[in-house]
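In terms of UniProt numbering, the numbers along the sequence shown are unbroken and rise by one, the last being 378.
Quick reminder that beta carbons are idealized off the backbone N, C-alpha and C, glycines included.
Keep in mind that this is a model prediction, so the values were computed, not measured.
Below: one structure, written as structure tokens.
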Amino acid sequence: MKRVIRSVLTGGTAAAKGVTAALGRLVSGTTRARAIAATAVAIVVAGGATPFAIDRLTGLPDDAALRIGDVVVTESEFDERVDVLEALYGIRRPADGDEQAETFRRDSAKAMAVGMILENAARERGIEVSDKTARDHLDDMIEKRMGEGGRAAFIDLLGNAGASEEDVLDEIKRQETTSRLMDEVTADADEITEDDVRTAFAERQDEMVAPEQRRLRNIVVASESEARELLDRLADGADFATLARRHSLDASTREQDGDLGLVRERQLDERYGEAAFSAAEGDTFGPVETEHGWNVGYVVEVVDERELTFEEAREELRRTLESERDLEIWRDWLGERIREADVEYADAYRPAEPDAPPTGPEQPGSTGDGSEDGGVPR
Numbered sequence: 001m002k003r004v005i006r007s008v009l010t011g012g013t014a015a016a017k018g019v020t021a022a023l024g025r026l027v028s029g030t031t032r033a034r035a036i037a038a039t040a041v042a043i044v045v046a047g048g049a050t051p052f053a054i055d056r057l058t059g060l061p062d063d064a065a066l067r068i069g070d071v072v073v074t075e076s077e078f079d080e081r082v083d084v085l086e087a088l089y090g091i092r093r094p095a096d097g098d099e100q101a102e103t104f105r106r107d108s109a110k111a112m113a114v115g116m117i118l119e120n121a122a123r124e125r126g127i128e129v130s131d132k133t134a135r136d137h138l139d140d141m142i143e144k145r146m147g148e149g150g151r152a153a154f155i156d157l158l159g160n161a162g163a164s165e166e167d168v169l170d171e172i173k174r175q176e177t178t179s180r181l182m183d184e185v186t187a188d189a190d191e192i193t194e195d196d197v198r199t200a201f202a203e204r205q206d207e208m209v210a211p212e213q214r215r216l217r218n219i220v221v222a223s224e225s226e227a228r229e230l231l232d233r234l235a236d237g238a239d240f241a242t243l244a245r246r247h248s249l250d251a252s253t254r255e256q257d258g259d260l261g262l263v264r265e266r267q268l269d270e271r272y273g274e275a276a277f278s279a280a281e282g283d284t285f286g287p288v289e290t291e292h293g294w295n296v297g298y299v300v301e302v303v304d305e306r307e308l309t310f311e312e313a314r315e316e317l318r319r320t321l322e323s324e325r326d327l328e329i330w331r332d333w334l335g336e337r338i339r340e341a342d343v344e345y346a347d348a349y350r351p352a353e354p355d356a357p358p359t360g361p362e363q364p365g366s367t368g369d370g371s372e373d374g375g376v377p378r
């Protein structure tokens, strides 16, 4: 299912989610791309620092957020880069006075420092991503993910989110640069053997399951009253596919009779997912409001959770072990680079653990098809 279903899939604000969905995996869906998830944010933030030679005996300038070597990041540069991060990924900085504001500021400063360290390491190794490579990545993404008229739609999304095409191209370069850097850092990693995979399968037996999936159809309309009217018509025997083609606002699924394909609950908007996975096979559900409208759903099929055999799990488990191996090597290497860089932070920007490598919200892993969550692209 290659389309982007914005009506019920999880995400941030409408504009930010559109940009995030359009960006997709800018580098690729490989294990290496996922293994750098812990530093992807750092790369976005890092681009705004400018060289500023000063006498190190005088300490940081009054307007500085941090310094690495002779490169100072001012508070205004820091704010500009966080603005880009917000636009591209829908990350929102807490309001002044919010108890999370200080943690966000300090974590973002560390992310910026890590990004600068990675850029320096890539430069030392002669790793460089050309403008043409970045442009080719972007053009390919727009063609595959946004279809006919995709460029105009993409520019509209960027404008609504407050980002520029140059911001996206810079992000592609940074992600690809970091991916290549990780390739070099982990090039001599020990091979994952068949025995390693079998041992992991036995140790992780509780995880070796295919979660419940459901094949769903969905109709999106503008108001609750419209949604309830559709439910009444369905209760009277109307055909769901016909109503979807006539009434759904979701252009990406309308011509497919509202078909969302097989999905897992965690892939869906929380409220929609709860309703969809509470209904019985053959039942309709709703109306459920998401940020894109009011939804009426239909459960076409329920595929129960089941245990995986070793043969079914082998290749994905191998890729997971490779990702875990690479991430451990990467984090050890990155931690050493951070300590060597001797980053100086202004008091208001100093993170709780300045010398520790960053951690991400997810462990890396591969589903084998460049998508997440068991092969259903978001």
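- Task: Have a look at the DSSP bridge pairing and note the partners of Ala64.
- Result: By 1-based counting over the sequence shown, the position of residue 64 is 64. According to DSSP, which records beta bridges pairwise, Ala64 is partnered with Thr74.
- In whole angstroms, what separates the C-alpha of Arg180 from that of Ala122? Walking along the sequence shown from the start, residue 180 turns up at place 180. Walking along the sequence shown from the start, residue 122 turns up at place 122. If you take the alpha carbons of Arg180 and Ala122, they lie about 8 Å apart.
- Task: Would you tell me roughly how many angstroms separate the C-alpha atoms of Lys110 and Glu171, rounded to the nearest one?
- Result: For the purposes of this step, residue 110 is taken as the residue at position 110 of the sequence shown. For the purposes of this step, residue 171 is taken as the residue at position 171 of the sequence shown. When rounded, the distance between both Cα atoms is 18 Å.
- Flag this pair as yes or no: are the beta carbons of Ala134 and Ile329 separated by less than 7 Å? As a working note, residue 134 is residue 134 in the sequence shown. As a working note, residue 329 is residue 329 in the sequence shown. Cβ distance not < 7 Å, so Ala134 and Ile329 don't count as in contact.
- Task: Note down the Cα distance separating Thr284 from Glu77, rounded to an integer number of angstroms.
- Result: In the sequence shown, counting from the first residue as 1, residue 284 sits at position 284. In the sequence shown, counting from the first residue as 1, residue 77 sits at position 77. One C-alpha to the other measures close to 51 Å.
- Message: Checking 7 Å against the spacing of the C-beta atoms, do Arg288 and Ser248 come in under that value?
- Response: Counting from 1 along the sequence shown, the entry for residue 288 is found at position 288. Counting from 1 along the sequence shown, the entry for residue 248 is found at position 248. The sequence given here places Val at residue 288; Arg does not occur at that position. No.
- Let me know the secondary structure DSSP gives Leu169 once reduced to three states. If you number the sequence shown from 1, residue 169 lands on position 169. Here Leu169 sits in helix by DSSP.
- Message: Between Ala275, Asp167, Ser278, which has its C-alpha nearest Val82's C-alpha?
- Response: In the sequence shown, residue 82 corresponds to position 82, counting from 1. Ranking Ala275, Asp167, Ser278 by Cα distance to Val82 puts Asp167 first.
- Hey, how far is the Cα of Ala65 from the Cα of Ser108? On the sequence shown, position 65 is the one that residue 65 refers to. On the sequence shown, position 108 is the one that residue 108 refers to. The alpha-carbon atoms of Ala65 and Ser108 are separated by roughly 11 Å.
- Return helix, strand or coil for Glu322, following the three-state DSSP convention. Start at 1 with the first residue of the sequence shown, and residue 322 comes out as number 322. Helix.
- Message: If contact is defined by three or more beta carbon pairs under 8 Å, each pair taking one atom from either stretch, is the region 289 to 301 in contact with the region 140 to 158?
- Response: no
- Task: Go ahead and pull the three-state DSSP assignment for Leu249.
- Result: Indexing the sequence shown from 1 puts residue 249 at position 249. Coil.
- Tell me whether Arg174 is buried or exposed, calling it buried when 16 or more other Cβ atoms sit within 10 Å of its Cβ. One-based indexing of the sequence shown puts residue 174 at position 174. It counts as buried.
- Query: With burial defined as no fewer than 16 other Cβ atoms inside 10 Å of the residue's Cβ, what is the status of Arg214: buried or exposed?
  - Reply: Locating residue 214 in the sequence shown gives position 214, counting from the first residue. Arg214 is buried by the Cβ-count criterion.
- Spatial distance of Arg217 from Asp259 (CA atoms): Taking the sequence shown and counting its residues from 1, the one referred to as residue 217 is at position 217. Taking the sequence shown and counting its residues from 1, the one referred to as residue 259 is at position 259. Whole-angstrom Cα-Cα distance: 4 Å.
- Query: Can you tell me the Cα-Cα spacing of Arg228 and Ala279, whole angstroms?
  - Reply: Sequence index remark: in the sequence shown, residue 228 carries index 228 (1-based). Sequence index remark: in the sequence shown, residue 279 carries index 279 (1-based). Distance between the alpha carbons of Arg228 and Ala279 is about 17 Å.
- Item | Ser323, buried or exposed, once every other Cβ within 10 Å from all chains shown has been counted against 16 | Within the sequence shown, numbered from 1, the residue matching residue 323 stands at position 323. Label assigned to Ser323: buried.
- Selected residue, minimal CA-CA separation from Asp269, among His292, Glu148, Pro211: On the sequence shown, position 269 is the one that residue 269 refers to. Asp269 has its Cα closest to that of His292, out of His292, Glu148, Pro211.
- Message: If you follow the beta strand (DSSP E) that Glu212 is in, where does it begin and where does it stop?
- Response: Your numbering for residue 212 matches position 212 in the sequence shown. Looking at the DSSP string, Glu212 is not in any beta strand (DSSP E), and its letter there is neither H nor E.
- Item | Supposed close pair Ala346, Leu157 - CB separation, criterion 8 Å | Working through the sequence shown from its first residue, we reach residue 346 at position 346. Working through the sequence shown from its first residue, we reach residue 157 at position 157. Actually they do not touch by this definition, with Cβ atoms about 35 Å apart.
- Item | Collapsed DSSP secondary structure at residue 449 in the structure displayed | As displayed, the chain neither begins before 1 nor continues past 378, which places residue 449 out of reach and without an answer.
- Measure the alpha-carbon distance for Leu308 versus Gly297 and round it to whole angstroms. Taking the sequence shown and counting its residues from 1, one reaches residue 308 at position 308. Taking the sequence shown and counting its residues from 1, one reaches residue 297 at position 297. If you take the alpha carbons of Leu308 and Gly297, they lie about 29 Å apart.
- Expected contact under 8 Å - CB spacing of Val114 and Thr177 to nearest Å: Locating residue 114 in the sequence shown gives position 114, where the first residue counts as 1. Locating residue 177 in the sequence shown gives position 177, where the first residue counts as 1. At roughly 13 Å, the Cβ-Cβ gap does not stay under 8 Å, so Val114 and Thr177 are not in contact.
- Task: Write down the C-beta distance between Arg350 and Arg106 rounded to the nearest angstrom, noting that I regard them as a contact closer than 8 Å.
- Result: What you label residue 350 is simply residue 350 of the sequence shown in a count that begins at 1. What you label residue 106 is simply residue 106 of the sequence shown in a count that begins at 1. Arg350 to Arg106, Cβ: 6 Å. Contact.
- Item | Of the residues Leu321, Glu265, Gly69, the one placed nearest Ala341, counting alpha carbons only | One-based indexing of the sequence shown puts residue 341 at position 341. The residue with the shortest Cα to Cα distance from Ala341 is Gly69.
- Mark Gly159 as exposed unless 16 or more other C-beta atoms lie within 10 angstroms of its C-beta, in which case mark it buried. By 1-based counting over the sequence shown, the position of residue 159 is 159. Exposed is the call here.
- Query: Taking the alpha helix (DSSP H) that Val296 falls in, what are its first and last residues?
  - Reply: Mapped onto the sequence shown, residue 296 falls at position 296. Where Val296 is concerned, there is no enclosing alpha helix (DSSP H), although the beta strand (DSSP E) it sits in stretches over 293 to 303.
- Among Arg318, Glu281, Leu317, Leu243, nearest to Asn295 - alpha-carbon criterion: Taking the first residue of the sequence shown as position 1, residue 295 is located at position 295. Taking only the C-alpha atoms, the option nearest Asn295 is Leu243.
- Spatial distance of Gln205 from Glu265 (CA atoms): Here residue 205 refers to the residue found at position 205 when the sequence shown is read from its first residue. Here residue 265 refers to the residue found at position 265 when the sequence shown is read from its first residue. Gln205 and Glu265: Cα-Cα distance of roughly 22 Å.
- Task: Starting from the C-beta of Glu281, find all residues in its chain whose C-beta is less than 7 Å away, skip the five residues before and the five after it, and write them out in chain order.
- Result: If you number the sequence shown from 1, residue 281 lands on position 281. Answer for Glu281: Val299, Glu301, Val302, listed in chain order.
- Whole-angstrom distance between Arg92 and Ala163, CA atom to CA atom: By one-based count along the sequence shown, residue 163 stands at place 163. By one-based count along the sequence shown, residue 92 stands at place 92. Straight-line Cα distance between these residues: approximately 14 Å.
- Query: Taking just the CA atoms, how far does Met116 sit from Glu86?
  - Reply: Locating residue 86 in the sequence shown gives position 86, counting from the first residue. Locating residue 116 in the sequence shown gives position 116, counting from the first residue. Spanning the two alpha carbons is a distance of roughly 19 Å.
- Message: Whole angstroms are fine: how far does the CA of Asp257 sit from the CA of Lys144?
- Response: By 1-based counting over the sequence shown, the position of residue 144 is 144. By 1-based counting over the sequence shown, the position of residue 257 is 257. Each residue's Cα considered, the two are about 22 Å apart.
- Task: Look up Arg106 in the DSSP assignment and say whether it is helix, strand or coil.
- Result: Translated into the one-based positions of the sequence shown, residue 106 becomes position 106. Looking at Arg106 - three-state DSSP - the assignment turns out to be helix.
- Between Phe240 and Gly286, what straight-line distance do the alpha-carbon atoms span, to the nearest angstrom? Locating residue 240 in the sequence shown gives position 240, counting from the first residue. Locating residue 286 in the sequence shown gives position 286, counting from the first residue. Using only the alpha carbons, I get a separation of about 13 Å.
- Task: Could you check which residue in Ala235, Val84, Met182 has the C-alpha nearest to that of Glu165?
- Result: Mapped onto the sequence shown, residue 165 falls at position 165. Among Ala235, Val84, Met182, the Cα nearest to that of Glu165 belongs to Val84.
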